[in-house]
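Positions 1 to 468 (my numbering) are the ones given, in order, by the sequence shown.
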Amino acid sequence: MQSEDVRRQAPNEVYLSRRPWSCTALRAHPLSTHHHHKEESGQQSPPPPPPVFYSFDRYAMVSGNAIEHIADGVGQYVTQGFQAKRIPWLVPCSDDWGYDNGAAGSGDNKRSPWLWTQFFVELNDALQFPFYSVDFHKHFDVDSPQFSPLVFGTVHFAAPSIGYSSLCFKSVFQSFVWPHAVRLATKHEWDAVSEGRFRKELFHMSATLPHLSSASPHRPASATSAASLSASISSSPAAPPLSWKTNHRVAIMKVLPTRRSTFSTTTNISSVPTAAFSSPGRGFIHSDQFNRALLERGILSMNPTLPLFERMWHVNNAELIVTTWGSTLTVLINLLFERQQRGDDNVTEQADDRSHTKRAASGTAAASGDDEVSHAVPPRPLRILILVHPEYSLETTLIFRKTYRYLRNPRRLPKSFSSPLLSKVVWHRMSRGGGDVADFNGGRDFCVKYVLTHMLKFVGSRELDFHC
Numbered sequence: 001m002q003s004e005d006v007r008r009q010a011p012n013e014v015y016l017s018r019r020p021w022s023c024t025a026l027r028a029h030p031l032s033t034h035h036h037h038k039e040e041s042g043q044q045s046p047p048p049p050p051p052v053f054y055s056f057d058r059y060a061m062v063s064g065n066a067i068e069h070i071a072d073g074v075g076q077y078v079t080q081g082f083q084a085k086r087i088p089w090l091v092p093c094s095d096d097w098g099y100d101n102g103a104a105g106s107g108d109n110k111r112s113p114w115l116w117t118q119f120f121v122e123l124n125d126a127l128q129f130p131f132y133s134v135d136f137h138k139h140f141d142v143d144s145p146q147f148s149p150l151v152f153g154t155v156h157f158a159a160p161s162i163g164y165s166s167l168c169f170k171s172v173f174q175s176f177v178w179p180h181a182v183r184l185a186t187k188h189e190w191d192a193v194s195e196g197r198f199r200k201e202l203f204h205m206s207a208t209l210p211h212l213s214s215a216s217p218h219r220p221a222s223a224t225s226a227a228s229l230s231a232s233i234s235s236s237p238a239a240p241p242l243s244w245k246t247n248h249r250v251a252i253m254k255v256l257p258t259r260r261s262t263f264s265t266t267t268n269i270s271s272v273p274t275a276a277f278s279s280p281g282r283g284f285i286h287s288d289q290f291n292r293a294l295l296e297r298g299i300l301s302m303n304p305t306l307p308l309f310e311r312m313w314h315v316n317n318a319e320l321i322v323t324t325w326g327s328t329l330t331v332l333i334n335l336l337f338e339r340q341q342r343g344d345d346n347v348t349e350q351a352d353d354r355s356h357t358k359r360a361a362s363g364t365a366a367a368s369g370d371d372e373v374s375h376a377v378p379p380r381p382l383r384i385l386i387l388v389h390p391e392y393s394l395e396t397t398l399i400f401r402k403t404y405r406y407l408r409n410p411r412r413l414p415k416s417f418s419s420p421l422l423s424k425v426v427w428h429r430m431s432r433g434g435g436d437v438a439d440f441n442g443g444r445d446f447c448v449k450y451v452l453t454h455m456l457k458f459v460g461s462r463e464l465d466f467h468c
């Protein structure tokens, strides 16, 4: 009988695990204030909603906006004392959200879940903040026939700071989430898994190399065949080392698939397009030549919809990040933390002291056994190559210091592999759009190269091999 009960419960457990953003799953969560109020009230009418913390806006379906609101919200929530008071976060939810539209009985009208809710649920494994879930269609969607207002006694709104001064609360956010990422990386062996994927892609590339055009500017002169490519990768001093983990170079990009792709392992293409790409017209089309150029340099393409902690681990350990302008970049920058400077023990010690002081002051000091997990990211150089699609010209006029008309002029787009690409290199700090010049402070071993192009096949060695 017990086994039959388990079998009857299994489908519901699977449903909850696959839909953690649903109201059913959230209200069953131990950190849900709904759960505790219901227990206390028994059969009586439920108590009024508690004071809540509100940190999202109408652009919560855009991944960059969603993660930035959460990261800044965490800083404000902790520094303003709401964590100490256990004020719950207001979290929209819905049992009608879902990705598996083709599943039996699921129907074809399901809406994708709010990325803000997805991100919060994922990050809250480390944050451990209380939350109050609210049905989106009943209390947020004013066009819904089910809509009814929900009244709270007190709502604490996070101050809007999107795109500006993101460093203000970054250290607080880091103290909560980075140790958790380190533990997960050890548990799931993310580096070893990525190393295996890299070797598999190298082998696959060698098999498909004869089918690729020899006119590409990406290929080294010595790599004229599959055999010579394999030899150059394994023995040439100028080639990337066989071990991917040595340099930890990653490409996390907004790339759209093509039916004619030679590569079968298009791991840089999202398996959930609605989650990764809210504007596919601003995305790059997959290029076999570009993908090969990445592998030749020891750069492993990764899915832009990887779990947040896995993305966090890879970008904070990377020596080179290749990415694309837009929400893909915004998510990475919010998951990327300042690195300790090399060769200066005093700076390293001071940074570590400040980290412990902030955790103690904010009530986030490590629990027993947690001191073994470092709260600082590895002190190594970092280069970021950001490819800008022309559709983002209006947002990048300050970056390139060119007018919108100049950037959008089709005559300035590359027409051959020898055509130069408009680029700009920035050292030590970087900004996003109209944000502050110090949106991210990378230190003296950090630089960023912005490149304007409409096709990946024109991105060659001049861009991929840049150095600080």
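The beta-carbon is built from N, C-alpha and C at its ideal position, and this holds for glycine as well.
*How would you label W427, buried or exposed, when you count the other beta carbons within 10 angstroms and need 16 or more for buried?*
exposed
_N- and C-terminal bounds of the beta strand (DSSP E) containing R383_ = 382-388
*Under 8 angstroms, do V177 and L123 count as touching if we go by C-beta distance?*
yes
_Do V91 and F152 count as a contact pair if the criterion is CB distance below 8 angstroms?_
no
*Look at the alpha carbon of A227 and the alpha carbon of Q289, and state the distance between them as a whole number of angstroms.*
With a pLDDT of only 45 at A227, under the threshold of 50, the placement of this residue in the model should not be trusted, and no figure is reported.
*May I have the straight-line CA-CA distance separating H467 from D143, to the nearest angstrom?*
52 angstroms
*Would you report the Cα separation of W21 and V315, rounded to the nearest angstrom?*
26 angstroms
*Considering only residues of the same chain and omitting the five flanking positions on each side of E310, which have a CB-CB separation below 7 angstroms?*
W190
*Just how far apart, CA to CA, sit P390 and S461?*
21 angstroms
*Would you mind working out which of T323, L31, G281, S416 sits nearest L294, comparing C-alpha positions?*
T323
*Compare the C-alpha of F120 against each of P49, P149, L308 and name the closest.*
L308
*asked:* With DSSP as the reference, identify every bridge partner of T323, one or two as the case may be.
replied: I252, I386
_Given this structure, state the Cα-to-Cα distance separating I252 from P47, to the nearest angstrom._
46 angstroms
*Run the CB neighbour count on T328, radius 10 Å, all protein chains shown included, and call it buried at 16 or more, exposed below.*
Burial call: buried.
*Note down the Cα distance separating V78 from G283, rounded to an integer number of angstroms.*
Answer to the nearest angstrom: the Cα atoms are 36 angstroms apart.
*Measure the Cβ-Cβ separation of P420 and T453 and say whether it is below 8 angstroms.*
no
*Taking the runs of the beta strand (DSSP E) that are 3 residues or longer, which of them lie wholly in the segment 402-445?*
423-427
*Using 10 angstroms around the beta-carbon of V425, count the other beta-carbons present and answer buried if the total reaches 16, otherwise exposed.*
exposed
*Bridge partners - C447, DSSP secondary structure assignment*: R383, W427
*asked:* Looking only at its chain, what residues have a beta carbon closer than 8 angstroms to the beta carbon of T33, apart from the 5 residues adjacent to it on each side?
replied: Spatial neighbours of T33 in its own chain (CB-CB distance under 8 angstroms, excluding positions within 5 residues in sequence) are listed in chain order as P50, P88, P130, F131, Y132.
*8 angstroms Cβ cutoff met for W244 and G298*: A Cβ-Cβ contact shorter than 8 angstroms links W244 with G298.
*Please report how far the alpha carbon of K187 lies from the alpha carbon of A71, in whole angstroms.*
25 angstroms
*Between the beta-carbon of E463 and the beta-carbon of V448, is there less than 8 angstroms?*
no
_Looking at N334: is its Cβ nearer than 8 angstroms to the Cβ of P378?_
no
*asked:* What does the Cβ neighbour count give for D465, buried or exposed, with the cut at 16 atoms within 10 Å?
replied: exposed
*Between the Cα of R58 and the Cα atoms of D141, W97, G98, Q118, which residue gives the shortest distance?*
For the options D141, W97, G98, Q118, the alpha carbon positioned closest to that of R58 is the one of D141.
*Give every residue of the same chain whose Cβ lies closer than 7 angstroms to the Cβ of Q146, excluding the five residues on either side of it in the sequence, and list them in chain order.*
Same-chain partners within the cutoff: H137, K138.
_Contact under 8 angstroms by Cβ, S287 with K457_ = yes
*How would you label V331, buried or exposed, when you count the other beta carbons within 10 angstroms and need 16 or more for buried?*
That one is buried.
*asked:* For M455, which residues in the same chain have their Cβ closer than 6 angstroms to its Cβ, ignoring the five residues on either side in sequence?
replied: none
*Span of the beta strand (DSSP E) holding F53?*
Boundaries of the beta strand (DSSP E) around F53: 52-54.
*In angstroms, rounded to a whole number, what distance separates the CA positions of M205 and L300?*
12 angstroms
*Beta bridge counterpart(s) of C93 as assigned by DSSP*: Paired residues: D135.
*Residues in its own chain within less than 6 angstroms of A126 by CB, not counting five upstream and five downstream?*
Taken in chain order, the residues that qualify are F176, V177, H180.
*For S32: DSSP bridge partner residues*: F131
*Span of the beta strand (DSSP E) around H156*: 155-157
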